[in-house]
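S.K.:
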Amino acid sequence: MSKEIYERLAKEFPESSLDYLEGKDPAISVNADDLFEMALHLKEKEGYDYLSAVTGVDYPDRFEVVYHLYSMRERKEPLILKVSASKEEPEVASVTPIWPGANFQEREVYDLVGIRFAGHPKLTRILLWEGYEGHPLRKDFPIEGHRAIGQEEPS
Amino acid sequence: MQRMETGLRTETITVNMGPQHPSTHGVFRMIVTLDGETIVDLEPVMGYLHRCQEKIGERNTYLQNIPYTDRLDYICSMSNNMAYVMAVEKLAQIEVPERAEYIRIIMVELTRIVNHMLAIGALLNDLGCFFTPMLYGLRERERILDLFEMASGSRMMCNYMRFGGVRYDLPPSFMAELKSVVAALPAFIDEFERLLTENEIVLVRCRGVGVLPPEKAIAYSCTGPLLRASGVDYDIRKVDSYSIYERFDFDVPLGRNGDVYDRYLVRIGEMRQSLRILEQAIEGIPEGEISVKLPRVFKPPEGDVYHRIESPKGELGFYLVSDGSTNPYRYKIRSPTFINLTVLPELCKGHKVADVVAILGSIDIVLGEVDR
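Going down the list, the protein sequences come from chains A and B.
Last residue of the first sequence: number 266 in our numbering, and the count goes up by one each step with no gaps.
Last residue of the second sequence: number 380 in our numbering, and the count goes up by one each step with no gaps.
#1: May I ask you to list, following chain order, the residues of the segment 58-71 of chain B that have a beta carbon less than 7 Å from some beta carbon of chain A?
#2: Could you list which residues in chain B have their beta carbon closer than 7 Å to that of A:Thr166, in chain order?
#3: Return the CA-CA distance between B:Asn24 and B:His58, expressed in angstroms with no decimal places.
#4: Taking just the CA atoms, how far does A:His246 sit from B:Thr77?
#5: Would you tell me roughly how many angstroms separate the C-alpha atoms of B:Phe138 and B:Tyr82, rounded to the nearest one?
#6: For the segment 307-331 of chain B, which residues have a CB atom closer than 8 Å to at least one CB atom of chain A, in sequence order?
#7: Please go through the segment 144-229 of chain A and give each complete beta strand (DSSP E) segment of 3 or more residues, from N-terminal end onward.
#8: Going by the CB atoms, is the gap between B:Ser282 and B:Met164 shorter than 8 Å?
#9: In terms of residue numbering, what span does the beta strand (DSSP E) encompassing B:Leu131 cover?
#10: From the DSSP output, read off the bridge partner residues of B:Glu318.
#11: Which of helix, strand or coil does DSSP assign to B:Pro222?
#12: Who are the near neighbours of B:Asp248 in its chain, counting only those whose CB is closer than 8 Å to its CB and skipping five residues on each side?
#13: Just to confirm, is the Cβ distance from B:Met90 to B:Val122 under 8 Å?
#14: Note down the Cα distance separating B:Arg264 from B:Lys224, rounded to an integer number of angstroms.
#15: Closest to B:Pro320 by C-alpha separation, out of B:Phe306, B:Lys98, B:Val374, would be which residue?
#16: Which residue comes first and which comes last in the alpha helix (DSSP H) that contains B:Leu349?
#17: Buried or exposed for A:Leu146, going by 16 or more other Cβ atoms inside 10 Å?
#18: Can you list, in chain order, the stretches of the alpha helix (DSSP H) that have 4 or more residues and sit fully within the segment 46-82 of chain B?
#19: For the beta strand (DSSP E) containing A:Val141, name the first residue and the last one.
#20: For B:Lys360, which three-state DSSP category applies?
#21: Give me the subset of the segment 35-57 of chain B whose CB atoms are less than 8 Å from a CB atom of chain D, sorted by chain position.
#22: Cutting at 7 Å between CB atoms, please list the residues of its own chain near A:Asn142, excluding the five before and the five after it.
#23: Listed in chain order, which residues of the segment 261-275 of chain B have Cβ atoms closer than 9 Å to some Cβ of chain A?
#24: Checking 8 Å against the spacing of the C-beta atoms, do A:Glu219 and A:Thr207 come in under that value?
#25: Please classify A:Met149: is it buried, with 16 or more other beta-carbons within 10 angstroms of its beta-carbon, or exposed?
#26: Does the beta-carbon distance from A:Ser195 to A:Phe228 come in below 8 Å?
#27: Counting only beta-carbon separations shorter than 8 Å, does A:Pro247 have a partner in chain B?
#28: Classify B:Ile209: buried if its beta carbon has 16 or more other beta carbons within 10 angstroms, exposed otherwise.
#29: Check the Cβ-Cβ distances between A:Tyr159 and every residue of chain B, and say whether any is below 8 Å.
Written out as structure tokens, the structure reads:
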């Protein structure tokens, strides 16, 4: 499905390292540095006006943000973008200026997975409270034991 | 601080609406900045019902997650079941028998009617018409919930669908009862419309309130009746048809102005279309198997999938990452109302406090799904 778009994108952005990922839902892996430019291009030139979902995933070697894009006006094939972020300082560009619908979703990814979105208008926790420590959807988050609010270490 | 023409000094004040507020349909807070009665700014605050469903989903096996999906949008448990099992079926490439597909469609469309009844009833509650329309809706809803109970054993937390089919076959008296419910519903919707559609108070309170232009609706990733009331023809049942929806003949009701009133009309229209689908499904439902046999220890192959359905409130999607084990590696819920709320501040600015309540009611949120 997104093979043609991938080829067009590769032509448009010759310097960036794109990758076509086979799978049940084929996806395009994008360099974190080029994400914003590419997202803008996809919206303005390819007609992907609808950002459905933003997901953060914690893999053993990296963080990944997955964007599910559709086109409401042109009814195009779905397009999936995947962006990797480093384990130490995970940060990718915010796409909220392009698709305002990403606002709460990026805040949720920041809240639960701990990936920062550069350029987000208000990157604060959304589901958990301010002052909460840790990001529960990370794989190293302790799922057993008790911790009182404000207590440092899980006991 | 600003000066009005009268020369009087005025100030904006900040008011908390909620978390405990009868109009917020649960525990949901809005921090409202007011200039007199007019909304200058609004900030939604959520998370009071957060249960970390996604983390629990990673701990559970695939099968154990089905009852948890009931508790997302607790009015539409059947649609949630369907979205999740279809995502897993896509992941593991499971074929569903024909009869099970029909049963699913029947259940999901009944759910849509239930949801829209309650959405309209709650909207009228918010407008100050306390409980008469709501109870009319609840009365009819109870007949549908009886059907759910006949099929699944539970009124609301149905836990009915399974990978590759449904849990139980329909009991013998189900189809007769379903036919009588479907036959009785158009008269009820007519009655509802007689009460409300031309009602002067409804018109005054709803027309031109909370107008959402189509471009903005798309940009803010709105889905469901909220989007279609703005005139964007986007129904996933048509656009990205799943299950056996392409066999049914139905229309997608659209609004023109994108205000609260159009959202009400779209919901009424969708109930009528759901009835059309139900009539066709009653005609077409075949005999046969209701599920496929799966291994006792269910391990889907590695990979990631996203599957979305048109739930009554909008696009409900599940993004699953499998590492080949018995539990999902990542279990993400794309809940429609959480994302529809992104546009709430834009809808409310410039309106009065009383309109905020109507606008929130017209978005139709369920906090179990917003907070997950």
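Beta carbons are placed, not taken as given, at the ideal position from N, Cα and C, and that holds for glycine.
M.R.: Let's see:
#1: His58, Cys60, Glu62, Lys63, Arg67
#2: Start at 1 with the first residue of the first sequence, and residue 166 of chain A comes out as number 55. Simply Tyr327, Lys340.
#3: Start at 1 with the first residue of the second sequence, and residue 24 of chain B comes out as number 16. Start at 1 with the first residue of the second sequence, and residue 58 of chain B comes out as number 50. If I take the Cα positions, the gap works out to 20 Å.
#4: Here residue 77 of chain B corresponds to residue number 69 of the second sequence, with the count starting at 1. Here residue 246 of chain A corresponds to residue number 135 of the first sequence, with the count starting at 1. Approximately 22 Å between the Cα atoms of the pair.
#5: What you label residue 138 of chain B is simply residue 130 of the second sequence in a count that begins at 1. What you label residue 82 of chain B is simply residue 74 of the second sequence in a count that begins at 1. Distance between the alpha carbons of B:Phe138 and B:Tyr82 is about 22 Å.
#6: Gly311, Asp312, Val313, Tyr314, Arg316, Glu323, Gly325, Tyr327, Val329
#7: 161-169, 174-181, 190-196, 202-204, 227-229
#8: By one-based count along the second sequence, residue 164 of chain B stands at place 156. By one-based count along the second sequence, residue 282 of chain B stands at place 274. Cβ distance not < 8 Å, so B:Met164 and B:Ser282 don't count as in contact.
#9: Here the question's residue 131 of chain B lines up with position 123 in the second sequence. Per DSSP, B:Leu131 belongs to no beta strand (DSSP E); it is in the alpha helix (DSSP H), 106-135.
#10: Taking the second sequence and counting its residues from 1, one reaches residue 318 of chain B at position 310. For B:Glu318, which the question treats as bridged, DSSP gives the partners B:Glu323.
#11: For the purposes of this step, residue 222 of chain B is taken as residue 214 along the second sequence, with counting starting at 1. In the structure shown, B:Pro222 sits in a helix (DSSP, three-state: H, G or I).
#12: Within the second sequence, the letter at position 240 stands for residue 248 of chain B. Excluding residues within five positions, the ones whose Cβ falls inside 8 Å are Arg316.
#13: Walking along the second sequence from the start, residue 90 of chain B turns up at place 82. Walking along the second sequence from the start, residue 122 of chain B turns up at place 114. Taking 8 Å as the Cβ cut-off, B:Met90 and B:Val122 do not qualify as a contacting pair.
#14: For the purposes of this step, residue 264 of chain B is identified with residue 256 of the second sequence, where counting begins at 1. For the purposes of this step, residue 224 of chain B is identified with residue 216 of the second sequence, where counting begins at 1. Cα-Cα distance, rounded: 14 Å.
#15: Numbered from 1 along the second sequence, position 312 holds the residue referred to as residue 320 of chain B. Residue B:Val374 is the option with its Cα nearest to B:Pro320.
#16: Taking the first residue of the second sequence as 1, we reach residue 349 of chain B at position 341. No alpha helix (DSSP H) holds B:Leu349; DSSP gives it neither H nor E.
#17: Translated into the one-based positions of the first sequence, residue 146 of chain A becomes position 35. Buried, since its Cβ has 16 or more Cβ neighbours within 10 Å.
#18: 61-67, 73-78
#19: For the purposes of this step, residue 141 of chain A is identified with residue 30 of the first sequence, where counting begins at 1. Segment 138-141, the beta strand (DSSP E) holding A:Val141.
#20: Translated into positions along the second sequence, residue 360 of chain B becomes position 352. The answer is strand: DSSP assigns B:Lys360 an E or B state.
#21: The structure shown has no chain D; the protein chains it does contain are A and B.
#22: Counting from 1 along the first sequence, the entry for residue 142 of chain A is found at position 31. So the qualifying residues of the chain are Ser127, Ser128.
#23: none
#24: Stepping through the first sequence from its first residue, residue 219 of chain A is reached at position 108. Stepping through the first sequence from its first residue, residue 207 of chain A is reached at position 96. Taking 8 Å as the Cβ cut-off, A:Glu219 and A:Thr207 do not qualify as a contacting pair.
#25: In the first sequence, residue 149 of chain A corresponds to position 38, counting from 1. With 16 or more other Cβ atoms within 10 Å, it is buried.
#26: If you number the first sequence from 1, residue 195 of chain A lands on position 84. If you number the first sequence from 1, residue 228 of chain A lands on position 117. Cβ atoms of A:Ser195 and A:Phe228: not closer than 8 Å.
#27: Counting from 1 along the first sequence, the entry for residue 247 of chain A is found at position 136. A:Pro247 counts as touching chain B.
#28: Translated into positions along the second sequence, residue 209 of chain B becomes position 201. When all chains shown are included, B:Ile209 counts as exposed.
#29: Translated into the one-based positions of the first sequence, residue 159 of chain A becomes position 48. Closer than 8 Å: no.
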